[in-house]
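Report on the following structure.
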Amino acid sequence: MKEFKILKVLDKLSGFYKRAGVDYDVLRIILKAKLTMDGRRKSTVFNDNKKRNKDSNEFFKALIIYGIIGLFMSLILLFDFNIMYIMSAYFSAIMIMILTVFISDFSYVLLDVRDKNILLSRGVSNKTINAAKITHIFIYVMYLTISLVGIAFIISLKKGIGFFVIFALSIIFIDIFMIIITALSYLLVLKVFDGEKLKDMINFVQIFLSVLMVVIYQIVPRLFGVIDLSNITYNEKLWHILIPPMWFAAPLSIVYGEGISSIKIIMSALALIVPVLSIFIYIKLTPTFERNLQKLNNNSEEGKEKNKYIVKASNIICRDNIERAFFRFSVGIINSEREFKLKVYPNLGLGIVLPFVFLFIGLEHGDSLRDTILSVRNSNMFLSVYAFALVIPNIIIMLSYSERYLGAWIYKVAPINSYKNVFKGVIKGAFYKLIMPPFIILSLIFIWIFGGKVIIHLIIAVLSFTILTVLNFLILKKVMPFSRKFEATNSSESLISVFASMFCVLLLWGAHYLAIKFNIGIIYAVVLIILNIILWNLVFNFINKRLKSL
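The opening position of the sequence shown corresponds to residue -1 in the numbering used here, with each subsequent residue numbered one higher.
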């Protein structure tokens, strides 16, 4: 295995570990194995990347991407207007990024129970295993933080040594806070659920945390009155102490000379107290956390969708027996595969939020809640629902991948006369399982906001989404469903699909807008129905010969 420089640095601290009763030699071997596996594990930032090189380090490739993202985020620190505003916005972005990485790429570190199952049976002490886990977390977070915030550290020196020191401490406490929040969220889920249901709930926690941080990122800039960049004002409110990014911005605002107030002092205190207190809470609850982690080894069939409902849906939606069979097959794969859910579900969660983000961006500053609701109801802002369509390319792309991809040999031996019905069934199953449930949730909320007049427009939107689905399938390279390994994804086809889909979304959004302007919504809906019938038949018939050659 490759020798890591960080382990050579850690060797200097071996005495500290030995005094703590840790077998350092064993700890080093464990860490070397974990860091090697980190390098092989595909990061979510490369979900759509091509098949990796055998000797490439995926973790450090991901750090380069995070570094580029951090560079762009740190540019805001070059400005000299209201520091409370700048740092609140910056810390919001950093917290979103850190939490997103934690819940997408870091969960396996917090939730991994395999090392204990293997190592305890081979005489390795519990203390050594826990020390290896904590050190692994520390190394992971250190690399991630330096990658995201390294440029910002350099820029912060421009604002003075005091500012730099407080900024560095703030980043450390943010790291601690994000780790503990993630761990305690999982602990809460672990206490309540077990087996398969627990794994499903962990997915939902990941979605919730992602969505929560996006919402906070939208809220924070709106707490400030912005007339122009040289005249940004911050009006303190007591409830601002509930916004974590503002805790860490408050001491920097004070150090930079923007004045001291009781609320800023409270927020500064929270920036210190909450992370430190959360450490003690986590240490206290660690034994409970470790015990409950064993539930991940239990498998439960509860909570899975009953087969009879899938059968009924397939009979209604599909016209061919092969189509019905693969409709049920795709729903079954989506229900059962953990890796598939981890790749797709967080995007679905963000897809639900995106329409409201665009809706929120369009609101007028300074309006009362009543005036805002009235202005929204009388507008065409329900067209923001098209933002949800941006999740469709990811779904269609992921239908080619599976944990059990080796089972794809069945396509060669099964009595399938028409491959088009295989793809039709799988795509319809994915639309039924992944697109319709969140869209129904969106529709109910939009009906509540905009009233009954929006129903026809939501029908038009879902008809547009079915067109987008078949167009995305047309653009992509044709591969049998669930026949690829997750790591062998193709970046070029993904990018082409995403950009083509964005163009189609804008096109359909524009057509819908024109239909509203000319008051021909019902006629446009009929046109979309006809277009759907033509496309779903024409596209699959056109490519059927190519599908047979796969």
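The beta-carbon is built from N, C-alpha and C at its ideal position, and this holds for glycine as well.
Contact check, residue i vs residue j, beta carbons under 9 Å
| i | j | result |
| --- | --- | --- |
| ILE81 | ALA247 | yes |
| LEU283 | ALA130 | no |
| PHE437 | VAL411 | no |
| PHE171 | LEU270 | yes |
| ILE263 | LEU236 | no |
| LEU146 | GLY68 | yes |
| ALA406 | SER481 | yes |
| ILE174 | ILE277 | yes |
| LYS189 | ASN290 | yes |
| GLY519 | ILE454 | yes |
| VAL503 | ALA387 | yes |
| VAL253 | GLY160 | yes |
Rounded Cβ spacing between residue i and residue j (contact assumed at less than 8 Å)
| i | j | result |
| --- | --- | --- |
| SER499 | PRO391 | 4 Å |
| ILE239 | LEU275 | Not quite, the Cβ-Cβ distance comes to about 15 Å (not below 8 Å), so this is no contact. |
| TYR430 | VAL329 | 7 Å |
| ILE153 | LEU75 | 4 Å |
| TYR511 | ASN378 | 7 Å |
| VAL99 | LEU142 | 6 Å |
| TYR83 | MET71 | The pair is not a contact, with the Cβ atoms about 15 Å apart (cut-off 8 Å). |
| VAL452 | ILE445 | 6 Å |
Under the three-state DSSP convention, the category residue i falls into
| i | result |
| --- | --- |
| GLY364 | Unreliable placement is indicated for GLY364, whose pLDDT of 49 sits below 50; no coordinate value is reported for it. |
| ARG317 | coil |
| ARG482 | strand |
| TYR254 | coil |
| LYS476 | coil |
Chain-order list of residues whose beta-carbon lies under 6 Å from that of residue i (same chain, five-residue window excluded)
| i | result |
| --- | --- |
| VAL537 | VAL468, LEU472 |
| PHE448 | ARG375, PHE380 |
| PHE2 | LEU33 |
| PHE287 | LEU185 |
| THR126 | VAL20, ASP21, VAL24, LEU25 |
| GLU401 | GLU335, GLU337 |
| GLY364 | Residue placement at GLY364 cannot be trusted, given a pLDDT of 49 that sits under 50; what the coordinates show is reported in the next sentence. No residues qualify anywhere along the chain. |
| PHE16 | Correcting the residue identity first, residue 16 is Lys in this sequence and not Phe. Around LYS16: TYR22. |
| ASP318 | ASN419 |
| TYR403 | SER481, ARG482, LYS483 |
| LEU117 | ILE127 |
Proximity to residue i [Cα-Cα], best of the options
| i | options | result |
| --- | --- | --- |
| MET478 | LEU533, LEU512, LYS422, LEU142 | LYS422 |
| VAL389 | ALA311, LEU352, GLU401 | LEU352 |
| ILE314 | GLY427, ILE261, LYS235 | GLY427 |
| ALA150 | ILE135, GLY65, PHE325 | GLY65 |
| LEU440 | VAL424, ILE425, ILE457 | ILE457 |
| LYS157 | PHE516, PHE444, PHE79, THR98 | PHE79 |
| MET176 | MET35, ILE92, LEU188, LEU155 | ILE92 |
| LEU250 | SER86, VAL122, ILE527, ILE94 | SER86 |
| PHE358 | GLY255, LYS339, SER382 | SER382 |
| TRP534 | ILE159, GLY160, LYS418, GLY508 | LYS418 |
| LEU167 | SER398, PRO273, LEU73 | PRO273 |
| LEU397 | ILE137, LEU442, VAL122, LYS483 | LYS483 |
| ILE179 | ALA18, GLY255, LYS114, ILE94 | ILE94 |
| MET140 | ILE258, LEU61, ALA181, SER259 | LEU61 |
| SER259 | ILE281, ILE241, ASN233 | ASN233 |
| LEU182 | PRO285, TYR254, ARG120, PHE497 | PRO285 |
| ILE144 | ILE116, ILE63, LYS306 | ILE63 |
| ILE241 | SER266, GLY257, GLU256 | SER266 |
| LYS339 | TYR399, ILE132, LYS310 | TYR399 |
Residues of its chain near residue i, where Cβ-Cβ distance is below 7 Å and the 5 sequence neighbours each way are ignored
| i | result |
| --- | --- |
| ALA385 | LEU352, PRO353, PHE356 |
| CYS316 | ARG322, PHE325, GLY423, LYS426 |
| SER12 | TYR22 |
| LEU346 | VAL389, LEU432, PRO436 |
| LEU529 | ILE465 |
| ILE514 | ASN378 |
| ASN470 | ILE390, PRO391, ILE394, SER495, SER499 |
| LYS114 | ILE127 |
Residues near residue i by beta carbon distance below 8 Å, same chain, minus five either side
| i | result |
| --- | --- |
| ASP9 | ARG26 |
| ILE414 | ILE320, VAL420 |
| ILE350 | VAL209, PHE386, PRO436, ILE439, LEU440 |
| GLU303 | Here GLU303 scores only 46 on pLDDT, less than 50, and its place in the model should not be relied on; the value that follows carries that caveat. VAL329, ASN333, listed in sequence order. |
| ILE308 | PHE325, ARG326, VAL329, GLY330 |
| ASN539 | LYS418 |
| PHE501 | none |
Contact with chain B by residue i, beta-carbon distance below 9 Å
| i | result |
| --- | --- |
| ASN535 | As a matter of chain content, chain B is missing from the structure shown, which is built from one protein chain. |
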